[in-house]
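Take a look at the structure set out below.
Protein chains in written order, with the UniProt record's numbering: chain A, 1 to 72; chain B, 1 to 267.
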């Protein structure tokens, strides 16, 4: 599990992204938190879309994007 | 390998969302406003259909009913959102960058790349119903600087030709994705050939008005068809004033879509 590459997911309600490597420290989710370890009743902090309506994505960051994703 | 699907008008997800109760924070125009939305792909409460096509996640055929109806301020990130207006007037208020207020009428369209974020509100403030098609596209990169562009399709001058509205063509609005949107208004008896750039690009053909033959299949009012792995799509116009949107997208390798397609093989 520890060797599994970090995943990125995108909210299909608004486009908010969750990156396992970065977590969401401002929302109490530590960097490195796996998607599977986030409670099923968690919702998008911006639009309230439920966790199961996020989609795994393979999309890179624009310049400076990773910092913005961490502090979203 | 070539693949295709047909989605009939009545097979789409149909929602009627009233501006009442807790919905009135989302849908504007309380108490009389309501939005009707036909979704080609899964969106919000409609989750019974296809997850998407290539980089397209939302293809929503919407009407804002009643003066003041629309969507109140809500956040976006990353998605590139296009709106094509066909009737009424759409007032679009956008906080990205310096922010702006725009008003769009029939033939006008916009591309809003939400990128690192912002909020927008979309309202119909006249008594006429506002009709639009919304397209949500996965971006090429996450957290791009937000961008807004708007254009106009001159449906009187540009008849009987496939006109690129969004993409890398002359005069088309830019979008941060390998995607093109074209529109065709044409008369009965005409034939057109649409050639996707490569075999890795698919085409989603949507008939807003009229009737066409598309790759040998007949498509009527609000029917649509997705094709991938084909060199060209032949379109024969069967009714006058047929109005067609063609979205060409790179076919990304996407797990949700592949799973859905394998579970619905032969559908």
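From the three backbone atoms N, C-alpha and C, an ideal C-beta is built for every residue, glycine too.
Being a predicted model, the structure only gives us computed values, none of them experimental.
So residue i contacts chain A; which residues on that side make the cut at Cβ distance below 7 angstroms?
i, result
"residue 75/B", "14, 46, 47"
"residue 139/B", "59"
"residue 78/B", "10, 15, 17"
Closer than 9 angstroms, CB to CB, is residue i near chain A or not?
i, result
"residue 50/B", "no"
"residue 47/B", "yes"
"residue 44/B", "yes"
"residue 57/B", "yes"
"residue 254/B", "yes"
With distance defined between alpha-carbon atoms, name the residue in the options nearest to residue i.
i, options, result
"residue 57/B", "265/B, 117/B, 249/B", "249/B"
"residue 109/B", "122/B, 97/B, 118/B", "122/B"
"residue 82/B", "32/B, 107/B, 66/B", "107/B"
"residue 230/B", "218/B, 61/B, 242/B, 195/B", "195/B"
"residue 67/A", "14/A, 23/A, 43/A", "23/A"
"residue 182/B", "32/B, 200/B, 154/B, 148/B", "154/B"
"residue 77/B", "6/B, 191/B, 94/B, 114/B", "114/B"
"residue 260/B", "20/B, 47/B, 17/B", "47/B"
"residue 227/B", "93/B, 212/B, 200/B", "200/B"
"residue 179/B", "94/B, 7/B, 54/B, 50/B", "54/B"
"residue 1/B", "255/B, 264/B, 251/B", "251/B"
"residue 85/B", "20/B, 263/B, 133/B", "133/B"
"residue 147/B", "169/B, 176/B, 168/B, 170/B", "176/B"
For a test of the three-state rule: what should DSSP assign to residue i, helix, strand or coil?
i, result
"residue 66/A", "helix"
"residue 157/B", "coil"
"residue 22/A", "coil"
"residue 21/B", "helix"
"residue 57/A", "strand"
"residue 125/B", "coil"
"residue 235/B", "strand"
"residue 9/B", "helix"
"residue 136/B", "strand"
"residue 246/B", "strand"
"residue 264/B", "coil"
What does residue i reach in chain B if we use C-beta pairs closer than 8 angstroms?
i, result
"residue 65/A", "116, 141, 142, 143, 144"
So, at 6 angstroms on beta carbons, what are the nonlocal neighbours of residue i in its own chain, with the 5 sequence-adjacent residues on each side left out?
i, result
"residue 136/B", "57, 58, 79, 81"
"residue 11/A", "44, 49, 54"
"residue 18/A", "9"
"residue 159/B", "185"
"residue 118/B", "95, 96, 146"
"residue 4/B", "227"
"residue 223/B", "8, 9, 207"
Counting only C-beta atoms, is residue i closer than 9 angstroms to chain B at any point?
i, result
"residue 62/A", "yes"
"residue 24/A", "no"
"residue 21/A", "no"
"residue 36/A", "no"
"residue 30/A", "no"
Mind pulling the chain A residues with CB within less than 9 angstroms of residue i?
i, result
"residue 192/B", "Correct list: empty, because the minimum Cβ distance to chain A is about 33 angstroms."
Starting from residue i, find everything on chain A with Cβ-Cβ shorter than 8 angstroms and list it in chain order.
i, result
"residue 94/B", "Neighbours of residue 94/B on chain A: none; closest Cβ ~14 angstroms, over 8 angstroms."
How would you list, in chain order, the residues of chain B whose beta-carbon sits under 7 angstroms from the beta-carbon of residue i?
i, result
"residue 55/A", "256"
"residue 69/A", "142, 143"
Quick one: what's got a C-beta closer than 7 angstroms to residue i's C-beta in the same chain, skipping five residues either side?
i, result
"residue 212/B", "219, 235, 236, 237, 238, 242, 244"
"residue 232/B", "193, 194, 195"
Which same chain residues, not among the five before or five after residue i, have their C-beta less than 8 angstroms away from its C-beta?
i, result
"residue 13/A", "44, 47, 48, 49, 53"
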